[in-house]
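Here's the structure, in structure tokens; my notes come after.
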Amino acid sequence: MYESLLRLPVDFFSDFDRIQRELNQAFGGAGAPTSIRALGRGAFPRVNIGTSAKSVEVYALLPGVDPAKLDVSVDRGLLTIAGERPSDLPAASDKVSVYADERFAGKFKRTVSLPDDVDPAAIEANYRDGVLRVSIPRREAAQPKRIEVK
Amino acid sequence: MSEKQDVAKSDVAQQTQAVLPPVDIVEDEAGIRLTADLPGVPKDQLSVRTEGQSLLIEGQVAIDTPEGMEPVYVETRSPVYRRTFNLSRDLDPTKIDAAFRDGVLTLRIPKAEHAQPRKIAVSVV
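This is the structure we're talking about:
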């Protein structure tokens, strides 16, 4: 049997597919500019950022991290998410073999620069299903307002 | 064999938009422990199936986004995780134990009874 033993991924084509996806992820979609603080692929945690008229939302993919030990701070317009994810791999011995070690383990830190019109005092962070969502509202003055014409 | 290839092909078609979740795989005497990162997947959107000797892990991301949000910087695009493993005969696919917490899936795949290590006594005749 060539394909026994939980060997690495599925098959040749999906491997090829994965490489292509990683290239896409590394170079951004259609030549989109990347952030100056972006890290290469395999960075932990992965971060997605979205904006709406009312707030800036930062989603950090942090599976298996104790939210109480996460360090989220804002300083001079920079949002920093830091922490540590301990490795749960046992030490290899003659009775234990490790076949795949792809999950991130160790200390991590990511920094995101925030736009000028946000209010860092009203920042909110919550953790659910392994995703940290940091919500930073825009200042009242920066929010769109409809002006009544009399 | 040809049937197996067909299955693989259709898998490729489905996999175009899915992310392969990173995994850790550790084997000890009692079985295999597989840990996979699936952040953003709620428990009811996770599916772990075995079909014969293959094990399929699939999860759909569901993250609340405020109304009118536009993505400005994106490192993870695909909302689907999918990964398949071929189990070997010495593992018992009917007794897989699964736990899912904070986006981390842990599977415990025990070895089949007959495959557990056994000390064989050598008798001297």
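Chains as they are written, first to last, in the numbering used here: chain A, 1157 to 1306; chain B, 526 to 650.
Beta carbons: idealized from backbone N, C-alpha and C, even for Gly.
Using the beta-carbon of each residue, which ones in chain B are nearer than 8 angstroms to residue i?
i        : result
P1219(A) : D562, L563, P564, D627, G628, V629
I1205(A) : P596, V597, Y598, V599
S1269(A) : Within 8 angstroms Cβ-Cβ: nothing; S1269(A) doesn't reach chain B, min ~10 angstroms.
E1240(A) : Those do not exist, as E1240(A) stays about 15 angstroms from chain B at its closest Cβ, beyond 8 angstroms.
Have a look at the options and flag the residue whose alpha-carbon is nearest the alpha-carbon of residue i.
i        : options                                : result
P1246(A) : A1238(A), P1271(A), L1234(A), A1261(A) : A1261(A)
R1259(A) : E1304(A), V1221(A), L1270(A), E1296(A) : V1221(A)
L577(B)  : R626(B), L632(B), I645(B), S613(B)     : Sequence inspection shows Gly at residue 577(B); the Leu mentioned does not correspond to that position. For the residues R626(B), L632(B), I645(B), S613(B), the minimum Cα distance to G577(B) belongs to S613(B).
D1257(A) : P591(B), S579(B), V597(B), A561(B)     : A561(B)
I1237(A) : E1304(A), R1289(A), P1300(A)           : R1289(A)
P567(B)  : D1250(A), E1304(A), T1207(A), D1285(A) : D1285(A)
P546(B)  : H639(B), M594(B), I557(B), L581(B)     : L581(B)
K636(B)  : I550(B), E554(B), V544(B), A543(B)     : E554(B)
G565(B)  : P1219(A), S1269(A), V1214(A)           : P1219(A)
R1294(A) : R1202(A), V1305(A), G1206(A)           : G1206(A)
S603(B)  : G584(B), M594(B), R558(B)              : G584(B)
V472(B)  : T601(B), Y606(B), L616(B)              : Within the shown structure, residues of chain B are numbered from 526 to 650, placing residue 472(B) beyond reach of any answer.
R633(B)  : A646(B), I550(B), L571(B)              : I550(B)
V586(B)  : G556(B), Y598(B), G593(B), D569(B)     : D569(B)
S572(B)  : D615(B), A646(B), V650(B), R608(B)     : R608(B)
F1200(A) : R1241(A), D1275(A), E1304(A)           : R1241(A)
V1214(A) : S579(B), E592(B), V599(B)              : V599(B)
I1192(A) : I1292(A), S1249(A), R1266(A)           : R1266(A)
A1224(A) : K1301(A), D1273(A), N1282(A)           : N1282(A)
Could you spell out the range, first to last residue, of the beta strand (DSSP E) harbouring residue i?
i        : result
L612(B)  : Neither: L612(B) is in no beta strand (DSSP E) and is coded neither H nor E.
S1229(A) : 1227-1231
G1262(A) : 1262-1269
P642(B)  : Segment: none, P642(B) is in no beta strand (DSSP E) and carries neither H nor E.
Q585(B)  : 579-585
D549(B)  : 548-552
V629(B)  : 629-635
L571(B)  : 571-576
V1290(A) : 1287-1293
S1253(A) : 1253-1257
A1278(A) : Segment: none, A1278(A) is in no beta strand (DSSP E) and carries neither H nor E.
Could you name the residues of chain A that residue i contacts, counting a contact when the two beta carbons are closer than 7 angstroms?
i       : result
E554(B) : K1251
P604(B) : Chain A residues near P604(B): none, gap ~11 angstroms exceeds 7 angstroms.
Check the Cβ of residue i against every Cβ in chain B and list those closer than 7 angstroms, keeping chain order.
i        : result
D1257(A) : D549
L1245(A) : D549, V551
R1202(A) : E600, T601
S1229(A) : What S1229(A) touches in chain B: nothing, since even the nearest Cβ is about 19 angstroms away.
Opposite residue i in the DSSP bridges: which residues?
i        : result
Y598(B)  : I1205(A)
D562(B)  : V629(B)
E1213(A) : G1206(A), S1291(A)
I1237(A) : V1228(A), R1266(A)
V544(B)  : Y606(B)
L616(B)  : K636(B)
G556(B)  : P635(B)
D622(B)  : R633(B)
Which residues of chain B have a Cβ atom closer than 9 angstroms to the Cβ of residue i, listed in chain order?
i        : result
V1254(A) : D549, I550, V551, E552
S1208(A) : T590, P591, E592, G593, M594, E595
E1213(A) : T590, P591, M594
Identify the contact partners of residue i in chain A, using a Cβ-Cβ distance below 8 angstroms as the criterion.
i       : result
P618(B) : Near P618(B) there are no residues of chain A at all, since even the closest Cβ is about 12 angstroms away, more than 8 angstroms.
Please list, in chain order, the chain A residues whose beta carbon lies closer than 9 angstroms to that of residue i.
i       : result
P635(B) : The premise fails here: P635(B) is roughly 14 angstroms from chain A at the closest Cβ pair, so nothing lies under 9 angstroms.
Is there at least one non-hydrogen atom of the ligand GDP closer than 7 angstroms to the beta-carbon of residue i?
i        : result
I1192(A) : Looking for the ligand GDP in the displayed structure turns up nothing, as the structure carries no ligands at all.
Quick one, which residues of the stretch 588-599 of chain B are near chain A if we go by CB-CB under 9 angstroms, in chain order? Residues passing the 9 angstroms Cβ filter: I588, D589, T590, P591, E592, G593, M594, E595, P596, V597, Y598, V599.
Give, in chain order, every residue of the stretch 1275-1300 of chain A whose Cβ lies closer than 7 angstroms to some Cβ of chain C. No chain C appears in this structure, whose protein chains are A and B.
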